[in-house]
Structures are given as C-alpha cells and as structure tokens.
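Undergrad:
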Ligand code: UD1
Ligand code: UDP
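Residue numbers (my numbering): 2 to 368.
(1) How about residue 246: is its Cβ closer than 8 Å to a heavy atom in the ligand UDP?
(2) By alpha-carbon positions, which one of 283, 273, 301, 312 ends up nearest to residue 294?
(3) How should residue 10 be labelled, buried or exposed, when 16 other C-beta atoms within 10 angstroms of its C-beta is the threshold for buried?
(4) Can you check DSSP and say which residues form a bridge with residue 233?
(5) Going by the beta-carbon positions, is the gap between residue 122 and residue 142 smaller than 9 Å?
(6) Do residue 115 and residue 146 come within 9 Å of each other at the CB atom, strictly closer than that value?
(7) Are residue 172 and residue 267 touching if we call contact CB-CB under 9 Å?
(8) Using 9 Å as the threshold, is the C-beta distance between residue 5 and residue 34 below it?
(9) With a threshold of 8 Å, establish whether the CB of residue 284 neighbours any heavy atom of the ligand ATP.
(10) Give the range of the beta strand (DSSP E) segment to which residue 4 is assigned.
(11) Which ranges does the beta strand (DSSP E) cover as unbroken runs of at least 3 residues, wholly within the segment 90-133, from first to last along the chain?
(12) How is residue 243 classed by DSSP in three states: helix, strand or coil?
(13) What's the call for residue 209, buried or exposed, on a 16-neighbour Cβ count within 10 Å?
(14) Measuring CB to CB, does residue 41 end up less than 9 Å from residue 264?
(15) Which residues share a DSSP beta bridge with residue 170?
(16) Compare the C-alpha of residue 258 against each of 299, 201, 280, 213 and name the closest.
(17) Under the three-state reduction of DSSP, which class applies to residue 333: helix, strand or coil?
(18) Just to confirm the assignment, what range does the alpha helix (DSSP H) spanning residue 384 have?
(19) Looking at residue 240 and the ligand UD1, is the gap between the Cβ and the nearest heavy atom below 8 Å?
(20) Please state the DSSP three-state secondary structure of residue 74.
(21) Which value, in whole angstroms, describes the spacing of the CA atoms of residue 14 and residue 110?
(22) Is the beta carbon of residue 205 within less than 8 Å of some heavy atom of the ligand UDP?
(23) By a C-beta neighbour count over all protein chains shown, 10 Å radius and 16 as the cutoff for buried, is residue 330 buried or exposed?
(24) Enumerated in chain order, which unbroken segments of the alpha helix (DSSP H) with a length of 4 residues or greater are wholly contained in the segment 286-322?
(25) Mind checking whether residue 256 and residue 218 have CB atoms under 9 Å apart?
(26) Where does the unbroken alpha helix (DSSP H) through residue 47 begin, and where does it stop?
(27) Which residues bound the alpha helix (DSSP H) around residue 226?
(28) Across which residues does DSSP place residue 238 in a beta bridge pair?
(29) Can you give the beta carbon distance from residue 26 to residue 176, rounded, assuming they're within the 8 Å contact cut?
(30) Starting from the C-beta of residue 275, find all residues in its chain whose C-beta is less than 6 Å away, skip the five residues before and the five after it, and write them out in chain order.
(31) Pick out whichever of 205, 344, 299 has its Cα sitting closest to the Cα of residue 328.
(32) Answer with buried or exposed for residue 250, where buried requires no fewer than 16 other C-beta atoms within 10 angstroms of its C-beta.
(33) Check whether the Cβ of residue 48 sits closer than 8 Å to any heavy atom of the ligand UDP, and report yes or no.
(34) In the DSSP assignment, what are the bridge partners of residue 32?
(35) In or out: residue 234 buried (at least 16 other Cβ within 10 Å) or exposed?
(36) Can at least three beta-carbon pairs, one atom from the segment 128-137 and one from the segment 160-168, be found at a separation below 8 Å?
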C-alpha cells in the first residue's frame, strides 16, 4: 500500500486534482490517499470540493484579503512541514504553477519526500509572463521526481532542461477528465435563458500582471465592441479578488447587455462555455478546455504556455492593449470565415483519462 498526499489550494488546481483524488480513492487496495488543501482560495476552492464531493484531511486555511506572495509562500511552507512529517507520504503530488504548488513542492523537497508534478513542463520562458506562475512551474520541476506532462510539447520542454526521460510521462491533462461528464445537452440556467436571443460572450480575467491598467484596457475594449453590436450579450463570472471587481465595475457597470455574476460552479461554467459564441479570458485552464469544446478564445495575454491550443486554431493571443483587443474581437464577430476557422473541436490536451494513467504509473513506479 502506497501513501499518496495531494496538495492544492486554488480553484484551477482543485478542478484538475479532484479527478485524481477520486481515482486514487477508487483504488483503496493500492493507495492510501491523503488530501491537504492550503486554502489559498476559500470560497472558490470550497465550490470545487463540494462539486466533486472531496473532503480534505487537512486544511491550512491560509487565505487572507490582499494576501501577498510572501504570505502565501511562508504560510504554506511552514504549515505543510508538520502535516508532511505527520503523514509520512511516499509521494507528494502538486499541480501546475500556483504559489501553493511551489511552496508545497519545496516543503516536500526539504523533507526529502519525492514530488510528483501534475501538469509539468508548461513554459513561456519569460519569468514575468505569467507572473509569478512561470517561476513557480520551473521551480517545481527543479525539485520534482515524477513529471506528468500533459502533451508531447511539455515533455520536450522538460527534456530540453535535461530532466530524465525515464521519469517523464505524457498523460494528457486531468482538467479534461471532468469535461467527459459535465457538459449536458439539456442543461439550463436562467442566465443562459437571458442570453439565448444573442451571441453569448463569456468573459473571465484575474492574472496578477494584468491587475490595474491592463485590466481597465481589456474591459474598455470589450465594452466598445459590444456597444456597437446589439446582437451580443456577455456573462462575466467574476473572480473574487477585490482588485478585479473594482476595475470591472468601474468600466462595465451601466451596460445592460453585460452581466457580472459570482463565480460559477465548474459544472455550470463548462456548460456556459459549451453554449457560448466565443470566450475572452486571461485564464490558463480555459485555454485547455476550449479546444475540446471547439469554442474560439481570445487570450488577453502577451504569452501562452499552451501553444497546442494556438496550433489547433482555437486560441488567439491578443495581448492587453485596448486597440488590439478591439480589433481582434470585432474581426471575430464580423467575419464568419474567421469564426469558422477557430471553432473546430480538437483534443490537444488529452482524451479525458489522464488521472487513470497517472495512478497506473505511480502504482507501478512506487512498487
Ligand atoms: C491564484 C494563482 C494563479 C491562478 C489563480 C486562479 C498564485 C500566485 N496565483 O491567483 O496562478 O491562476 O489563483 O484563480 O498562486 N479571493 C477570495 N476568495 C477566493 C479566492 C480569492 O476572496 O476564494 C480573493 C482574496 O482577497 C485574495 C485574492 O482574491 O487575497 C487573490 O487571491 P490569490 O490566490 O492570491 O491570487 P489569484 O489571482 O486568485
Ligand atoms: N471556472 C469555474 N467557474 C468560473 C470560471 C472558471 O469553474 O466562474 C473554471 C474553468 O472551467 C477552469 C478553471 O476554473 O477549469 C480556470 O481557473 P482560473 O481561470 O481561476 O485559473 P487559471 O486556470 O488561470 O490558473
């Protein structure tokens, strides 16, 4: 019996780690599963835990308003020390590129427990874009023992850094696992009923490097384009960061074809994506989900670590300048050929069985 400890703390990590938790728990003869959440996010994390029915064994409860990278790093690192020492896992699994992932991997490394990195090998090679995520993911890969790379491209990134081939496994992305069950043909929601007479634009935004002026520019561009096109309606499930909320309300209030709503549960969000005409976002996870659903995404960032979605034709990087977003958003709404070319479904991030593969690999490698 092998003891696996999974550590995560934010919404996207939870969405991609809960399928893995359920996979390990479905194999009690092989794995003893310990779940530790850091609580870097609170409400947005709890939403996901509720949907997947995952009850953590430990909760560091680190979130505080206006938390800095120093707060999260220090609180997670010192909080995890006691828990990892107490649980004595054979392997600690972390996910992706958040400060929770970085500090948790470092804690396990200091205690000489092998780290498995789920979603390893994504790179922009620019430490400030996205910030601090590019540092986090590179740092986690420095201390990791097992690398679960979602794609061949991410595997190649790891090989380019001389990570050992025998410890890199291409598994697909666990985020796609949930999509197999969440999107339903008969799904209904009052907000979708409101938008059903129009082309639905789905919006999210939260990146730290976009807080402040870039975010204001993004919102101004979106509003300008939509004001000129009366057949569009937008739904914006807004992140709980007060700085995001302030910018959004300043730029978007008083425009009745755009509704700002609370964060959606993941099942709802996937169905909103499936019904949308197009998506505007700076999110990472949404760039992975959209190709499976064949939904065009304008990525309001200068770089992406998800080039597979760009190659598949679903994603277009539009930066954060107001005029560039205005131009690209207008073009996608007005040019049917352009829209058509971006709306084909493809599966660059896997077939939805990544969790099963990761559990099989650990079962054999930890033996
Ligand atoms: C974090 C991650 C980012 C990830 C994002 C997903 C880091 C440095 N950043 O950024 O990589 O893309 O999560 O959403 O790890 N808040 C709440 N309730 C919540 C969640 C957040 O009130 O459930 C508010 C708090 O005031 C908090 C602020 O949002 O201080 C920012 O949260 P934080 O986790 O520091 O940064 P994110 O931008 O969410
Ligand atoms: N998501 C959600 N509810 C929302 C918005 C997004 O469940 O209101 C999901 C989305 O489907 C994706 C994940 O949250 O799986 C992306 O998280 P986020 O954008 O917060 O972080 P990132 O992926 O950029 O790290």
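Backbone N, C-alpha and C define an ideal beta-carbon position, used for all residues, glycine too.
Since the structure is predicted, the reported quantities are computational estimates derived from the model, not experimental observations.
TA: The short version:
(1) No, the Cβ of residue 246 stays beyond 8 Å of every heavy atom of the ligand UDP.
(2) Check the Cα spacing between residue 294 and each of 283, 273, 301, 312: the tightest is with 273.
(3) buried
(4) 200, per the DSSP bridge assignment.
(5) yes
(6) yes
(7) no
(8) yes
(9) Absence of the ligand ATP from the depicted structure is noted, with the ligand UD1 and the ligand UDP being the only ligands included.
(10) 3-9
(11) Runs of the beta strand (DSSP E) inside the segment 90-133: 92-96, 116-119.
(12) helix
(13) exposed
(14) no
(15) 149
(16) 201
(17) Residue 333 falls in the helix class under three-state DSSP.
(18) Residue numbering for the chain in the displayed model covers 2 to 368; residue 384 lies beyond these limits and cannot be assessed.
(19) yes
(20) Three-state DSSP puts residue 74 in a helix.
(21) 20 Å
(22) Checking the 8 Å criterion, the Cβ of residue 205 is within range of a heavy atom belonging to the ligand UDP.
(23) buried
(24) Fully enclosed alpha helix (DSSP H) runs of 4 or longer: 286-294, 308-312.
(25) No.
(26) 44-53
(27) Note, residue 226: alpha helix (DSSP H), 214-228.
(28) 262
(29) Rounded to whole angstroms, the Cβ separation of residue 26 and residue 176 is 19 Å, and the two are not in contact under 8 Å.
(30) 184, 294
(31) 299
(32) Residue 250 is exposed by the Cβ-count criterion.
(33) Yes, since a heavy atom of the ligand UDP falls inside the 8 Å radius drawn around the Cβ of residue 48.
(34) 3
(35) buried
(36) no
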